[in-house]
Amino acid sequence: MQQNIPAWTLFGMFFVVVPLGGSLIRERQSGMFIRLLTLPMSTFMILAGKIVTYVLICLAQFCLVLAIGKFILPHLGTPVLETGSSPSALVVIALSSAAAACGYGMLLGTIARTYEQAATFGAVSVVIAAALGGIMVPVYVMPAVMQEISLYSPLSWGLNAFLDVFVRGGDLFSVMPDISLLMLFFLVTTLIAWFNLSRKSRTKRIYHQGMSRA
Numbered sequence: 078m079q080q081n082i083p084a085w086t087l088f089g090m091f092f093v094v095v096p097l098g099g100s101l102i103r104e105r106q107s108g109m110f111i112r113l114l115t116l117p118m119s120t121f122m123i124l125a126g127k128i129v130t131y132v133l134i135c136l137a138q139f140c141l142v143l144a145i146g147k148f149i150l151p152h153l154g155t156p157v158l159e160t161g162s163s164p165s166a167l168v169v170i171a172l173s174s175a176a177a178a179c180g181y182g183m184l185l186g187t188i189a190r191t192y193e194q195a196a197t198f199g200a201v202s203v204v205i206a207a208a209l210g211g212i213m214v215p216v217y218v219m220p221a222v223m224q225e226i227s228l229y230s231p232l233s234w235g236l237n238a239f240l241d242v243f244v245r246g247g248d249l250f251s252v253m254p255d256i257s258l259l260m261l262f263f264l265v266t267t268l269i270a271w272f273n274l275s276r277k278s279r280t281k282r283i284y285h286q287g288m289s290r291a
């Protein structure tokens with residue numbers, strides 16, 4: 078319970094990359110994104126709106142799975158999920174994990190050209206990151222080489238932070254290294270997505286202006 082509940086919660090959170098990336102691609106293909114840019118807002122504001130929406134979805138999913146592990150599964154014969162003594166740490170871990178997932182989804186949505194590309198690559202990459210990050214098999218039973226590789230998976234950072242609170246009695250201070258990695262991942266992916274989207278939008282606006290003049 079202490080391993081699987083946070084592990085599969087993170088796995089579900091990162092699958093938000095498929096609908097998030099797909100929404101960006103559909104908006105670009107339909108011309109909706111160009112229309113949004115006619116409003117008094119920047120590209121960054123549009124991305125921020127998507128981040129807030131999908132982070133809230135991830136948090137709702139996190140709370141639901143946590144409630145199932147604590148109140149429903151024990152009636153089916155499983156041990157009760159122990160959430161530790163630091164609720165503030167859990168909130169920050171969930172927020173940073175959701176932000177990292179959304180950042181990756183936006184990056185994918187600005188790189189992929191079609192929804193099929195985003196859905197396929199997003200799903201496969203999340204499954205690979207989950208396998209490397211200890212979601213399917215705990216990291217401590219992996220070979221030494223795989224344990225070293227797992228350090229580079231964002232899902233490993235989130236899972237390690239959750240286990241620090243659930244199993245090791247950690248607090249907000251003890252999970253700050255993993256939270257910092259998740260937030261750095263979010264910032265890097267979001268900035269790249271913003272740059273890619275701004276460049277593509279500027280190119281399309283120049284093209285449409287040229288066509289209208291012609």
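Just so we're on the same page, our numbering is the position in the sequence shown counted from 1, plus 77.
Heads up, the beta-carbon is just placed ideally off N, CA and C, and yes, glycines get one too.
- For residue 252, the closest alpha carbon among the candidates 139, 169, 100 is that of 169.
- A distance below 7 angstroms separates the beta carbons of residue 195 and residue 99.
- If you look at residue 212, you'll find it isn't in any alpha helix (DSSP H); DSSP assigns it neither H nor E.
- When DSSP assignments are scanned along the stretch 169-253, the uninterrupted stretches of alpha helix (DSSP H) that are 4 or more residues long and fall wholly within it turn out to be 192-209, 221-227, 231-243.
- Nearest C-alpha to residue 191 among 220, 270, 101, 262: 101.
- Of all C-beta pairs linking the stretch 263-277 to the stretch 172-184, three or more are shorter than 8 angstroms, placing the two stretches in contact.
- Between the stretch 178-189 and the stretch 141-156, the count of Cβ pairs shorter than 8 angstroms is below three; the stretches do not touch.
- For the pair residue 232 and residue 212, the CB atoms are nearer than the 7 angstroms cut-off.
- By the neighbour-count criterion, in which a residue is buried when 16 or more other Cβ atoms sit within 10 angstroms of its Cβ, residue 83 is buried.
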